[in-house]
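Right, one structure below, let's go through it.
In my numbering, the protein residues as written are 72 to 175.
See below:
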(Lines of atoms letter the chains of each structure in order from A and count residues from 1; the text may use other names and numbers.)
(Lines give C-alpha, C1' and ligand atoms only; values in the text may rest on other atoms or scores of the structure.)
Protein backbone atom coordinates (compact mmCIF):
# COMPACT_ATOMS: atom_id res chain seq x y z
CA UNK A 1 0.00 0.00 0.00
CA UNK A 2 1.31 3.43 -0.93
CA UNK A 3 1.72 6.25 1.54
CA UNK A 4 -0.19 9.45 0.95
CA UNK A 5 2.22 12.22 -0.09
CA UNK A 6 1.48 15.75 1.11
CA UNK A 7 3.55 18.53 -0.42
CA UNK A 8 3.94 21.60 1.79
CA UNK A 9 3.44 25.04 0.21
CA UNK A 10 7.17 25.72 0.67
CA UNK A 11 8.04 22.54 -1.20
CA UNK A 12 5.61 23.49 -3.99
CA UNK A 13 7.39 26.84 -4.27
CA UNK A 14 10.79 25.10 -4.43
CA UNK A 15 9.60 22.82 -7.23
CA UNK A 16 8.05 25.72 -9.14
CA UNK A 17 11.21 27.81 -8.82
CA UNK A 18 13.38 24.99 -10.18
CA UNK A 19 10.88 24.33 -12.98
CA UNK A 20 11.02 27.97 -14.10
CA UNK A 21 14.83 28.00 -13.99
CA UNK A 22 15.11 24.83 -16.10
CA UNK A 23 12.41 25.96 -18.52
CA UNK A 24 14.28 29.24 -19.09
CA UNK A 25 17.57 27.38 -19.51
CA UNK A 26 16.12 25.17 -22.26
CA UNK A 27 12.58 24.87 -23.49
CA UNK A 28 11.08 21.58 -22.33
CA UNK A 29 13.70 20.96 -19.65
CA UNK A 30 11.37 22.28 -16.96
CA UNK A 31 8.75 19.72 -17.96
CA UNK A 32 11.38 16.98 -17.81
CA UNK A 33 12.30 18.16 -14.31
CA UNK A 34 8.65 17.90 -13.22
CA UNK A 35 8.42 14.39 -14.68
CA UNK A 36 11.45 13.31 -12.66
CA UNK A 37 10.03 14.94 -9.51
CA UNK A 38 6.73 13.10 -10.02
CA UNK A 39 8.52 9.79 -10.55
CA UNK A 40 10.58 10.30 -7.41
CA UNK A 41 7.48 11.18 -5.39
CA UNK A 42 5.86 7.96 -6.64
CA UNK A 43 8.88 5.99 -5.43
CA UNK A 44 8.70 7.74 -2.05
CA UNK A 45 4.98 6.93 -1.80
CA UNK A 46 5.62 3.28 -2.56
CA UNK A 47 8.63 2.85 -0.31
CA UNK A 48 8.87 5.81 2.10
CA UNK A 49 11.39 4.12 4.40
CA UNK A 50 13.74 3.13 1.57
CA UNK A 51 15.48 6.50 1.42
CA UNK A 52 18.29 7.66 3.67
CA UNK A 53 17.72 9.61 6.87
CA UNK A 54 19.95 12.68 6.57
CA UNK A 55 19.14 14.58 9.78
CA UNK A 56 16.82 13.74 12.66
CA UNK A 57 13.79 12.19 11.00
CA UNK A 58 14.32 13.97 7.66
CA UNK A 59 14.82 11.69 4.66
CA UNK A 60 16.16 12.56 1.22
CA UNK A 61 15.30 11.04 -2.16
CA UNK A 62 17.72 12.14 -4.87
CA UNK A 63 16.40 12.99 -8.32
CA UNK A 64 17.79 11.27 -11.38
CA UNK A 65 19.36 13.59 -14.01
CA UNK A 66 18.99 16.69 -11.84
CA UNK A 67 21.12 17.75 -8.85
CA UNK A 68 18.16 18.00 -6.49
CA UNK A 69 16.76 16.07 -3.57
CA UNK A 70 13.25 15.69 -2.21
CA UNK A 71 13.35 16.14 1.58
CA UNK A 72 10.51 14.63 3.58
CA UNK A 73 9.44 13.27 6.94
CA UNK A 74 7.21 10.35 7.80
CA UNK A 75 3.99 11.47 9.46
CA UNK A 76 2.24 8.32 10.62
CA UNK A 77 1.39 6.49 7.41
CA UNK A 78 1.75 9.69 5.37
CA UNK A 79 4.75 11.44 3.88
CA UNK A 80 5.14 15.21 4.28
CA UNK A 81 7.43 16.74 1.65
CA UNK A 82 9.33 19.64 3.21
CA UNK A 83 11.28 20.82 0.20
CA UNK A 84 13.04 20.20 -3.07
CA UNK A 85 16.58 21.52 -2.84
CA UNK A 86 19.62 21.76 -5.06
CA UNK A 87 22.39 19.47 -3.83
CA UNK A 88 24.69 22.44 -3.20
CA UNK A 89 22.19 24.47 -1.22
CA UNK A 90 22.97 25.25 2.40
CA UNK A 91 21.52 22.35 4.44
CA UNK A 92 20.43 24.77 7.16
CA UNK A 93 17.32 25.59 5.12
CA UNK A 94 15.90 22.07 5.03
CA UNK A 95 17.01 21.39 8.61
CA UNK A 96 15.06 24.44 9.83
CA UNK A 97 12.00 23.38 7.83
CA UNK A 98 12.23 19.93 9.37
CA UNK A 99 12.45 21.35 12.89
CA UNK A 100 9.43 23.56 12.32
CA UNK A 101 7.42 20.60 11.06
CA UNK A 102 8.41 18.16 13.80
CA UNK A 103 8.03 20.63 16.71
CA UNK A 104 4.23 20.34 16.66
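Note that beta-carbon positions come from the ideal geometry of N, C-alpha and C, so glycine has one too.
query: Would you kindly work out how many angstroms separate the C-alpha atoms of residue 97 and residue 139, rounded to a whole number?; result: 17 Å
query: With distance defined between alpha-carbon atoms, name the residue in 101, 76 and 84 nearest to residue 91.; result: 101
query: Quick test of your reading: residue 76 and residue 115, contact by CB under 8 Å. State the CB separation rounded to the nearest angstrom.; result: 6 Å
query: Could you tell me which residues DSSP puts in a beta bridge with residue 140?; result: 133 and 156
query: On the DSSP bridge list, what partners appear for residue 75?; result: 149
query: Measure the CB-CB distance between residue 169 and residue 129 and report whether it falls below 8 Å.; result: yes
query: Leaving out the 5 sequence neighbours to the left and right, which residues in its chain are closer than 7 Å to residue 111 when beta-carbon positions are compared?; result: 132, 134 and 141
query: In whole angstroms, give me the CA-to-CA distance for residue 81 and residue 89.; result: 13 Å
query: Excluding sequence positions up to five away, which residues of its chain have a Cβ less than 7 Å from the Cβ of residue 158?; result: 138, 139 and 140
query: Decide if residue 84 is buried, meaning its Cβ has at least 16 other Cβ atoms within 10 Å, or exposed.; result: exposed
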